[in-house]
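**Student:** Residue numbers (this note's numbering): 1 to 139. Every residue, glycine too, gets a C-beta built ideally from N, C-alpha and C. Model, not experiment: these values are computed from the prediction.
(1) Tell me whether residue 133 sits in a helix, a strand or coil according to DSSP, three-state version.
(2) Mind the definition here: the segment 130-139 touches the segment 89-97 only if three or more C-beta pairs lie below 8 Å; say whether that holds.
(3) Assuming residue 50 contacts residue 80 (C-beta within less than 8 Å), just tell me the rounded distance between them.
(4) For residue 138, I'd like the list of residues in its chain whose CB is within less than 6 Å of its CB, leaving aside the five on either flank, ordered along the chain.
(5) What number of angstroms, rounded off, separates the C-alpha of residue 61 from the C-alpha of residue 44?
(6) Going by the beta-carbon positions, is the gap between residue 117 and residue 33 smaller than 8 Å?
(7) Just mark residue 113 as buried or exposed, buried being the case when its beta carbon has 16 or more other beta carbons within 10 Å.
(8) Can you check whether the CB of residue 47 is closer than 8 Å to the CB of residue 164?
(9) Does the distance from the CB of residue 85 to the CB of residue 105 come in under 8 Å?
(10) How would you label residue 119, buried or exposed, when you count the other beta carbons within 10 angstroms and need 16 or more for buried?
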């Protein structure tokens, strides 16, 4: 996949995660995609699996948004650094809403084929999130 195509897929993906648009999810994510998220012990699959992760995040942070800060691509693989930000207005991993604002980084790897995402390995800064919502003492 040429870098421009990878860039286009990643831009559409960011639009999807920031809007939660299921139709867009089906355009950009392969039906057999596999996602490895630290919030789930087993991989999630396809657009519905990604919608599950987004649902979990939006229930805790209804205004959550991701900004794609940089992308490095090699072939059909993209490494992406995001800033994730929002307001803790719902329960997150058993921590009741604090009203605190969060802003953390995430480093993810995406695997693409035929103009769609077929896999992801996500590494969001969950420790930073837990510190910012008051669940873990900050240093």
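**Tutor:** Quick look at the numbers:
(1) By one-based count along the chain shown, residue 133 stands at place 133. Residue 133: coil per DSSP, three-state reduction.
(2) yes
(3) Stepping through the chain shown from its first residue, residue 50 is reached at position 50. Stepping through the chain shown from its first residue, residue 80 is reached at position 80. Their Cβ separation, rounded to whole angstroms, is 15 Å, which puts residue 50 and residue 80 out of contact at 8 Å.
(4) Position 138 of the chain shown, counted from the first residue, corresponds to residue 138. For residue 138, where only same-chain residues beyond five positions count, the Cβ hits under 6 Å are 131.
(5) Here residue 61 refers to the residue found at position 61 when the chain shown is read from its first residue. Here residue 44 refers to the residue found at position 44 when the chain shown is read from its first residue. Going from the Cα of residue 61 to the Cα of residue 44 covers about 21 Å.
(6) By 1-based counting over the chain shown, the position of residue 117 is 117. By 1-based counting over the chain shown, the position of residue 33 is 33. Yes.
(7) For the purposes of this step, residue 113 is taken as the residue at position 113 of the chain shown. Exposed, because fewer than 16 other Cβ atoms sit within 10 Å of the Cβ of residue 113.
(8) Residue 164 lies beyond the stretch modelled for the chain, which goes from 1 to 139, so this question has no answer here.
(9) As a position in the chain shown, residue 85 is number 85, starting the count at 1. As a position in the chain shown, residue 105 is number 105, starting the count at 1. Cβ distance not < 8 Å, so residue 85 and residue 105 don't count as in contact.
(10) Along the chain shown, one-based indexing puts residue 119 at 119. Looking at its Cβ environment, which holds 16 or more other Cβ atoms inside 10 Å, residue 119 is buried.
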